[in-house]
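Written out below as structure tokens is the structure these notes cover.
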Amino acid sequence: LQADVLPEATVTWLLNGDVQGTSTLKNLNSGKPQQVLFPLNTALRPDQYQLTARLKTAGPAGTTAEAAFPIQIVSRKLPDQFPVIMWGAGIGEIDRLKKIGFTHAVGTRANYSKILEAGKPTLADSEENVAEMRAGLDRGLANGISFYASLSPGSYLRSRESLQRVNRDGTTHSSREDICPLIPEIKEFTYNVGASLAQTYQDYPALDAALLHTEVRGHSRPCFHEHDREAFKKFAGIDIPAEAGPPRGVDYKKLKDFPADRVVPDDDPLYVYYKWHWKTGDGWNELNSDLERGLNSTAKKFWTWYDPAMRVASVFGSGGNVDVLSHWTYSYPDPIRINVVGDELFAMAKGSGKHQDVMNMTQIIWYRSQTAPISKKPGDGPETLAHWEEEQPDAAFITISPIHLREAFWAKISRPIKGIMYHGWQSLVPTDGSGGYRYTNSQTQNELERLIHDVIQPLGPALKTMPAAKNDIAFYESFASQVFARRGTYGWNGYWLGDAHQVLQWAGLQTDVVFDESIKQSGLDQYKVLVMMDCDVITESILQAIKDFQQRGGIVIADERVSPAVKPDIRISSYNRTGKADLDKHELQKKAEELRQALTGKYTRAIDSSNPNVIPYIRSSSHADYIFVVNDNREFGDYVGHHGRVMENGLPAETTLSVNRKAGHFYDLVQHQQIHTTSSHQQQTANVKLGPGAGRIYLRTDQPIDQLGVQVPDSLKRGETGTVSIKVTDEQGQPVAAVIPVDVSIEDAEGRVAEMSGYRALQDGELSFQLQIAPNDKAGVWTVRVKELASGKSSTAFIRIADDNSLIKPHGQKIQGFNPEQPAG
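Our numbering numbers the first residue of the sequence shown as 140 and each following residue consecutively.
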């Protein structure tokens with residue numbers, strides 16, 4: 140080190156060997172570092188660069204030093220990309236995540252004890268851990284993988300007795316510890332956790348999402364602190380009812396003088412209390428909002444989600460102020476059960492105080508105990524075992540079968556979800572160690588990779604922008620029955636209520652799930668059929684809405700459990716599963732046929748399938764329909780089928796698909812081709828053949844797809860921006876009024892694929908976007924290739940990129956050292 144002050148030195152900056160400018164440093168003190176900033180031109184084309192800083196001191200005997208830094212500029216994300224999220228994996232699995240096709244994986248968590256001790260927002264973890272995570276986020280950004288933070292500060296506090304829920308006598312619960320989130324210090328700590336994470340990683344775009352307080356509502360139960368009692372009394376004007384206590388309500392048979400017709404007033408104290416408990420009183424919804432507020436306390440905005448969002452009663456507000464509601468499903472015994480909770484999520488999201496999207500998760504893991512249980516004693520189990528049973532006899536969680544994963548995939552994307560999720564990395568791919576999740580089926584990961592690459596990536600932008608269904612059947616989940624008869628699915632898709640939803644799917648009937656609050660807010664006017672299963676108890680206002688509905692011609696379908704005050708038009712008796720997968724499916728499909736026959740002549744479907752194992756779902760706009768079908772034809776295999784609990788293998792299926800439209804043009808969005816249909820009796824029909832567990836997406840349009848046009852500027856200079864316009868038109872040259880997926884490839888003069896290439900979706904047959912030519916892009920003739928993925932038509936256009944004799948435009952020869960800003964866009 141030089142002991143004296145160095146009066147002046149010059150830093151020359153080079154990018155890939157080309158001089159970009161200089162910075163002058165004054166009065167450098169010995170041993171004291173000085174920061175010098177270089178304003179990188181991020182308008183350069185996405186690529187890897189080498190930034191070199193060459194220092195030279197002033198004077199005739201000037202000394203020199205040099206340092207080089209690798210830099211990568213990445214492409215901007217295209218709009219409406221479809222998230223595929225892995226719960227787990229992490230920054231160490233970027234290569235395998237990328238290969239399979241995931242867009243997100245778990246990234247970071249927060250050091251709760253550190254933040255709690257600080258009592259305010261602080262660095263979210265140790266400096267060493269933060270540095271490691273930041274480096275991992277940079278690697279993820281370079282490879283197109285984003286990450287989410289998994290944050291559960293409330294769960295971290297569960298073991299602290301002073302913060303726990305209490306019984307009426309002031310004691311804490313001996314099992315299933317849970318906090319009382321209404322305690323102010325919990326709320327402050329939760330905000331600080333969110334703010335700490337935001338401040339720590341606000342400059343890292345690869346961390347863009349957060350999962351808030353997963354799996355907490357299952358522990359929720361009424362709490363009887365004085366502040367809980369006061370909060371309810373302030374809300375309702377009454378004390379907490381003496382009978383309140385069990386988290387899932389009180390059996391009406393144990394209540395004195397309960398109404399014989401099982402109709403309760405809307406202001407029944409128990410009904411009011413439990414509604415308050417699930418919406419506000421247990422505190423978790425508001426605690427999520429506190430965490431979300433902390434996460435978005437900086438200029439960086441995270442999108443947030445809550446999962447499992449339906450592990451609650453059917454009351455609006457689950458998740459608080461998150462952006463996305465999601466839930467997970469175990470696919471057994473029937474993969475279509477994933478849409479039971481899927482439809483419940485949409486009902487919940489509609490009741491939010493803000494716009495909320497819905498995503499849906501398939502569990503990669505299966506409980507061994509529910510699919511292939513270990514025999515308790517010799518002779519109890521099957522005579523032969525699968526290879527995995529012999530190799531891993533102690534496996535508690537095994538891999539979902541490929542066909543179940545496939546069918547659940549097709550089922551859930553039929554709904555207007557905005558992303559898909561998976562959990563169980565150790566069961567999806569081989570990993571070190573022998574934890575609870577075991578890798579027992581090597582084909583499942585290949586199937587998921589195929590579905591992502593063949594369906595989600597090309598069709599994702601279209602799936603995200605297709606309209607939702609306009610259903611005319613309501614599937615009612617009575618909150619009063621959950622309070623007084625302990626009904627409800629609570630996110631498990633089960634019981635008779637969940638099975639009844641599957642019965643409707645097998646009957647070709649698509650529904651909206653509605654809650655008490657749904658009916659109170661929006662009524663039943665848009666519906667023609669109301670399904671009431673497990674509706675033992677209802678409120679007076681709901682009964683009146685049902686009477687009004689029937690008076691105007693609405694059809695009520697109910698089981699034998701319905702309140703005596705309701706007079707159903709069609710009765711379907713309940714069914715209790717036996718645990719034998721083939722028998723149970725057969726009996727439930729018999730009920731689907733019974734329901735179909737009962738509705739003949741009374742209700743007209745928008746779409747129908749002649750085969751109950753091929754389940755249709757239609758989403759429509761003014762001039763187009765988006766038709767989804769999934770093959771549920773299955774049999775027992777030798778993976779778990781020999782136990783009789785799950786039919787895990789698929790079979791091919793064929794059906795006649797009927798759409799209640801006089802005319803139109805059909806396109807297969809998966810095969811990218813037009814399909815033949817016939818018209819008769821005011822309907823269009825098509826013969827559909829599906830492979831095992833397979834699905835299809837069809838686009839029906841009023842207009843035929845005749846031409847695909849691409850317009851681009853004749854020429855652009857490097858550094859300029861031009862407009863690319865794509866249009867799909869009919870025979871009269873009018874845009875086809877539909878969401879149409881397209882594949883856009885922009886190639887420079889050497890054939891290199893340029894930024895802005897990728898899959899997109901036309902809205903009403905048209906799309907325009909800006910193409911920015913980088914200062915160092917190749918000059919010459921560029922090619923813009925577009926293929927629309929409905930009929931398969933292609934079109935090509937050309938742009939001449941003018942050579943302005945500049946490879947990398949510098950910011951100027953004199954760099955004063957300032958904070959660089961990201962250019963617009």
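Yeah, the Cβ is synthetic: ideal placement off N, Cα and C, and Gly gets one too.
Please read all numbers here as calculations on a predicted model, not as lab measurements.
### Query
Which residues in the same chain have their Cβ closer than 6 Å to the Cβ of Glu111, if we skip the five residues on either side of it in sequence?
With the chain covering only 140 through 964, there is no way to say anything about residue 111.
### Range covered by the alpha helix (DSSP H) that runs through Tyr578
From DSSP, Tyr578 is part of no alpha helix (DSSP H); its letter is neither H nor E.
### Straight-line Cα distance separating Leu167 from Val144
6 Å
### Task
Taking the CB atoms as reference points, tell me whether His243 and Pro222 lie closer together than 8 Å.
yes
### Query
When DSSP labels each residue in this structure, what does Ala918 get in the three-state scheme?
coil
### Task
Measure from the alpha carbon of Ile239 to the alpha carbon of each residue in Lys195, Ile844, Val670, Val568, then state which is nearest.
Val568
### Task
Round the Cβ separation of Asp655 and Ala619 to the nearest angstrom and send it over; I've been treating them as touching at under 8 Å.
7 Å
### Selected residue, minimal CA-CA separation from Pro172, among Pro178, Met487, Leu164
Leu164
### Query
Roughly how many angstroms lie between the CA atoms of Thr583 and Ile539, to the nearest whole one?
7 Å
### Complete runs of the beta strand (DSSP E) confined to the region 277 to 359 [at least 3 residues]
285 to 290, 346 to 351
#### Entry: Length-filtered (3 minimum) beta strand (DSSP E) runs lying within the region 512 to 580
536 to 538, 559 to 562
### Buried/exposed call for His640, threshold 16 Cβ in 10 Å
buried
### Message
Given a cut-off of 8 Å on the beta-carbon distance, is the pair Ala288 and Arg315 in contact?
### Response
no
### Query
How would you call His562, buried or exposed, if buried means at least 16 neighbouring beta carbons within 10 angstroms?
Buried, since its Cβ has 16 or more Cβ neighbours within 10 Å.
### Task
In the DSSP assignment, find the unbroken alpha helix (DSSP H) run with Val144 in it and report its ends.
Per DSSP, Val144 belongs to no alpha helix (DSSP H) and is neither H nor E.
#### Entry: Identified DSSP bridge partners for Gln850
Ser864
### Query
Is it buried or exposed for Gly103, if we count other Cβ within 10 angstroms and need 16 for buried?
In the structure as shown, the chain starts at 140 and stops at 964, and residue 103 therefore has no counterpart that could be examined.
### Task
Please work out which residues of its chain come closer than 6 Å, Cβ to Cβ, to Gly333, disregarding the five sequence neighbours upstream and downstream, and give them in chain order.
Leu430, Gly433, Leu434
### Query
Taking Ala281 as the reference, which of Arg307, Lys237, Asn155 has the closest Cα?
Lys237
### Query
Can you name, in chain order, every residue of its own chain whose Cβ lies under 6 Å from the Cβ of Leu346, other than the five neighbours on each side?
Taking Leu346 as the centre and dropping the five residues before and after it, the same chain places the C-beta of Gly246, Leu276, Phe286, Tyr340 closer than 6 Å to its C-beta, in chain order.
### Query
Does the beta-carbon of Phe767 have 16 or more other beta-carbons within 10 angstroms, so that it is buried, or is it exposed?
buried
### Message
If you measure between the beta carbons of Leu426 and Gly293, is that distance less than 8 Å?
### Response
yes
#### Entry: Nonlocal neighbours in the same chain, by C-beta distance under 6 Å from Gln842, ignoring five residues either side
Excluding positions up to five away in sequence, the list reads Asp869, Val875.
### Query
Taking the alpha helix (DSSP H) that Thr824 falls in, what are its first and last residues?
No alpha helix (DSSP H) contains Thr824, which is instead part of the beta strand (DSSP E) from 822 to 829.
### Query
Can you pull the DSSP bridge partners for Phe208?
Leu190
### Query
Cα-Cα, which of Ser428, Gln644, Ala525 is closest to Ser491?
Ser428
### Query
How would you label Ser457, buried or exposed, when you count the other beta carbons within 10 angstroms and need 16 or more for buried?
buried
#### Entry: C-alpha distance - Val867 paired with Gln911, whole-angstrom precision
24 Å
### Task
Compute the Euclidean distance between the alpha carbons of Ala197 and Ser896, then round it to the nearest angstrom.
48 Å
### Task
State whether the region 796 to 805 contacts the region 820 to 827, with contact taken as three or more CB pairs (one from each stretch) at a distance under 8 Å.
yes
### Task
Go ahead and pull the three-state DSSP assignment for Gly246.
strand
### Task
Determine the direct distance from the alpha carbon of Arg304 to that of His364, and round the result to whole angstroms.
7 Å
### Task
Can you grab the Cα-Cα spacing for the pair Tyr756 / Trp549, in whole Å?
11 Å
### Message
For the pair the region 507 to 518 and the region 773 to 792, tell me if three or more CB-CB distances fall below 8 Å.
### Response
Verdict: yes, contact present.
### Query
What do you reckon, are the CB atoms on Lys493 and Asn460 nearer than 8 Å?
The Cβ atoms of Lys493 and Asn460 sit closer than 8 Å to each other.
### Task
Quick one: measure Cβ to Cβ for Ser713 and Arg401, integer angstroms, because I've assumed they're closer than 8 Å.
Contact doesn't hold; Cβ gap of about 16 Å is too wide.
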